[in-house]
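Novice:
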Amino acid sequence: MTTRNPMKDQVAIVGLGSTGFSRNGDRSPLAMALAAATEAITDAGLTAADIDGIVATSEPGSNGPEEIAAALGITEATHHTKPPPVAMFSLLDAARAVFSGAADHVLVVTPVIMGAWNSRRALDDPWRRGTRSGILPIPEDATKAAAYAAWASRYIHEYGASKDPFARVAINSRTNAAHNPLAAIRSPLTFGSYAEGRMVRDPLNLYDMDLPVDGADAFVLTTAERAKELRHHPVLIHAATSGIVGKNDEDQLEGLHRHGQHVVVDQLKRTSDLWIDDIDIFYPYEGFTIIALGWFENCGFCPLGGAEEFLREHWNDDAQRIEIHGRIPVNTHGGSLSEGATRGTGHIREAVHQLRGTAGPRQVDNSQTALVTPGGFFFNPQGAILRRA
Amino acid sequence: MCPSCWSWNIEASEVSGRGTIHLLMVLQQGPPAAGVDYRGGHPVVTVELAEQPALRFTSTVTDDYPADALHIGAPVQLDWINRNGIPTPVFRAVQP
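Same order as they appear, the protein sequences are chains A and B.
In this text, residue positions in the first sequence follow our numbering: the first is 8, and each later residue adds one.
In this text, residue positions in the second sequence follow our numbering: the first is 1426, and each later residue adds one.
1) By Cβ distance, which residues of its chain are closer than 7 Å to W322 (chain A), with the 5 residues on each side in sequence left out?
2) Could you please give the first and the last residue of the uninterrupted alpha helix (DSSP H) stretch that includes P172 (chain A)?
3) Can you give me the Cβ contacts of P388 (chain A) inside the same chain, cut-off strictly under 6 Å, excluding the 5 residues immediately before and after it?
4) Look at the alpha carbon of I392 (chain A) and the alpha carbon of T138 (chain A), and state the distance between them as a whole number of angstroms.
5) Counting only C-beta atoms, is A225 (chain A) closer than 8 Å to chain B at any point?
6) Does W1505 (chain B) have its Cβ less than 8 Å from a Cβ in chain A?
7) What is the DSSP secondary structure of P388 (chain A), counted as helix, strand or coil?
8) Measure the CB-CB distance between L211 (chain A) and A156 (chain A) and report whether it falls below 8 Å.
9) Against chain B, with Cβ distances strictly below 8 Å, would T45 (chain A) count as a contact?
10) Just mark L1452 (chain B) as buried or exposed, buried being the case when its beta carbon has 16 or more other beta carbons within 10 Å.
11) How is A246 (chain A) classed by DSSP in three states: helix, strand or coil?
12) Do you know how far the Cα of K15 (chain A) is from the Cα of F96 (chain A)?
13) Look up G22 (chain A) in the DSSP assignment and say whether it is helix, strand or coil.
14) Could you round the C-beta distance between A234 (chain A) and V21 (chain A) to whole angstroms and report it? I think they count as a contact, below 8 Å.
15) When you compare only the Cα positions, how much space is there between G294 (chain A) and K151 (chain A)?
16) Could you run through the segment 16-41 of chain A and flag, in chain order, every residue whose CB is less than 8 Å away from some CB of chain B?
17) Could you give the distance in angstroms between the alpha-carbon of F303 (chain A) and the alpha-carbon of A109 (chain A)?
18) In angstroms with no decimal places, state the Cα-to-Cα distance between F1516 (chain B) and Y1490 (chain B).
19) Assuming V359 (chain A) and L37 (chain A) make a contact with CB atoms under 8 Å, what is their CB distance in whole Å?
20) Determine the DSSP secondary structure at F289 (chain A), reduced to helix, strand or coil.
21) Rounded to the nearest angstrom, what separates N183 (chain A) and R395 (chain A) at their Cα positions?
22) Measure the Cβ-Cβ separation of I75 (chain A) and A47 (chain A) and say whether it is below 8 Å.
23) A84 (chain A) versus chain B: which residues are under 7 Å apart at the beta carbon?
24) Tell me which residue opens and which closes the beta strand (DSSP E) that D224 (chain A) is part of.
25) Beta carbons nearer than 9 Å to chain A: which residues of the segment 1477-1504 of chain B have them?
26) What residues match up with F295 (chain A) in a beta bridge as DSSP calls it?
27) Leaving out the 5 sequence neighbours to the left and right, which residues in its chain are closer than 6 Å to E257 (chain A) when beta-carbon positions are compared?
28) Whole angstroms are fine: how far does the CA of W1433 (chain B) sit from the CA of N12 (chain A)?
29) At a CB-CB cut-off below 7 Å, which residues of chain A make contact with S1432 (chain B)?
30) Taking only beta carbons into account, state which residues of the segment 65-78 of chain A come closer than 7 Å to chain C, listed in chain order.
31) Would you mind telling me which residues of chain B sit closer than 7 Å to G60 (chain A), beta carbon to beta carbon, in chain order?
32) Please report the distance separating the alpha-carbon of I61 (chain A) from that of Y290 (chain A).
33) Please confirm if the segment 330-341 of chain A is in contact with the segment 184-196 of chain A, defined as three or more CB-CB distances below 8 Å between the two stretches.
34) Would you mind listing the alpha helix (DSSP H) stretches within the segment 47-127 of chain A that are 4+ residues and don't spill past its ends, in chain order?
35) Which partner residues of R319 (chain A) appear in the DSSP bridge assignment?
36) Does the beta carbon of G80 (chain A) sit closer than 8 Å to a beta carbon anywhere in chain B?
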């Protein structure tokens, strides 16, 4: 395993754009991607002429970098890729392009749509019905998204957990979403309503699963040097990685004690000068509540199976949210459970807003360092330490 | 969105259908397609429309298109034919 990290603090996230997220979207993935992309480029203080790299996440229904380049009026590009979904694949690709010299100013754009595989309402729309990529077997088995319900029951069995820690992850996200104008749902969630939530994939109910939404996020990355000349205070990628274990099929995973999240954590610890005692904000992905429990435990905030006690202990009852050591808030934007299912772009965008001081009513004072961990247990665990320059 | 100025205040505007052949090929074989006969060659033309440089539209030509007028630079005009019940835009030859 590598201990090298020559990219440490060399690449900056300098532009952010987002359409916000909606359960009633009426724009095409291209229109949403362009709205987010132009906002991100403008936010960085750049124009189309500056962009020479385009990373267009390959989401269902999305457009490739060649179409994005044409639609944005980009003159020429020397890096143009379409990584698979889940945020960090695209951010890592863009960062590595900048660091290697493949391109100077790289745009990342990720549109998401309510699809026929995760939204019953989407099945009524003939166009959405056509975007069948990622659709689940009927009836579902323990693959794809449904695997998280299967592993949630294993988690409850192995550690004697109740649904309490699951509820706290969901409620925390909803509490924080109230202050995020981009969020799809901003009404509060109580322990009572969580307990009464419609059971979908027992033991996971409606509130344990992220919200299918329409929307798009976009980012602009450049070198740390170039970032000093741009509009916002630069946010640097200190360490970042993805990780898998060899045996990563959903139902063949060795166990909750060893999967891709552990690989990510080990790699970050080997390559980062900063770790959980140094961070000010934490963004554990919670496309399913069980995934966030994994991140708390596997990052070392508490032992395996210890999330129930940990979250109860670090719960701010007045605020109805998680505050680790009374200091570190979690998923301050409302996460995938309440802002919407961005597959982690929301977590990264919010961390950057916080670190550069543009988080508005959600601003956490003096945020210098963030840990962001998109992805689940199987094919897409990812993590990054971001820091204010 | 306008790729030049990023304005969302855009609308479709009508074009004359006049233009010149910019790209040309003649398919001598291909997968079976309704209303397409490869035996005499099936022309595919990309026409640069009169309204604006590099504004192009790709289709084929009318069945009675004269062979000596099928060349790059030839002036053409959009026409609509009925191909297997489907209105289809194609180009016909016009006098230079």
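All residues carry an ideal CB built from backbone N, CA and C; glycine is no exception.
Specialist: Quick answer:
1) These residues qualify, in order along the chain: R175, I329.
2) That run of the alpha helix (DSSP H) goes 171-184.
3) A distance below 6 Å between beta-carbons, with the five flanking residues on each side excluded, links P388 (chain A) to the following residues of its chain, in chain order: G250, G267, Q268, V271, G382.
4) C-alpha of I392 (chain A) to C-alpha of T138 (chain A): approximately 34 Å in a straight line.
5) Any Cβ of chain B closer than 8 Å to the Cβ of A225 (chain A) would place that residue at the interface, and such an atom is absent.
6) Answer no: the Cβ-Cβ gap between W1505 (chain B) and chain A never drops below 8 Å.
7) DSSP, read as helix, strand or coil, puts P388 (chain A) in coil.
8) With contacts defined by Cβ atoms closer than 8 Å, L211 (chain A) and A156 (chain A) form a contacting pair.
9) T45 (chain A) counts as touching chain B.
10) It counts as exposed.
11) Reduced to three states, the DSSP call for A246 (chain A) is strand.
12) Straight-line measurement puts the Cα of K15 (chain A) at about 17 Å from the Cα of F96 (chain A).
13) In this structure, G22 (chain A) counts as strand in the three-state DSSP scheme.
14) Confirmed, about 5 Å.
15) Approximately 12 Å between the Cα atoms of the pair.
16) Of all residues in the segment 16-41 of chain A, A38, L41 have a Cβ within less than 8 Å of some Cβ in chain B.
17) Spanning the two alpha carbons is a distance of roughly 35 Å.
18) Taking the straight line joining both Cα atoms gives about 9 Å.
19) Going by Cβ atoms, the distance from V359 (chain A) to L37 (chain A) rounds to 24 Å, so no, they are not a contact pair.
20) If DSSP states are grouped into helix, strand and coil, F289 (chain A) belongs with the strands.
21) Each residue's Cα considered, the two are about 22 Å apart.
22) No.
23) Contact annotation for A84 (chain A) against chain B: no contact, minimum CB-CB distance about 14 Å [criterion: below 7 Å].
24) Counting along the chain, the beta strand (DSSP E) containing D224 (chain A) begins and ends at 222-230.
25) From the segment 1477-1504 of chain B, no residue has a Cβ closer than 9 Å to chain A.
26) BP columns for F295 (chain A) point to A:M216.
27) Setting aside the 5 residues that flank it on each side, E257 (chain A) is surrounded in the same chain by A149, T150, A154, F385, each with a C-beta closer than 6 Å to its C-beta; the list follows chain order.
28) The C-alpha of N12 (chain A) lies about 42 Å from the C-alpha of W1433 (chain B).
29) Those do not exist, as S1432 (chain B) stays about 10 Å from chain A at its closest Cβ, beyond 7 Å.
30) The structure shown contains no chain C; its protein chains are A and B.
31) What G60 (chain A) touches in chain B: nothing, since even the nearest Cβ is about 18 Å away.
32) Looking at the two C-alpha atoms, the distance is approximately 25 Å.
33) Taking 8 Å as the limit for Cβ pairs, the verdict is that the segment 184-196 of chain A does touch the segment 330-341 of chain A.
34) Qualifying alpha helix (DSSP H) stretches, in chain order: 72-79, 94-107.
35) As computed with DSSP, R319 (chain A) is found in no beta bridge at all.
36) Yes, because at least one Cβ of chain B sits closer than 8 Å to the Cβ of G80 (chain A).
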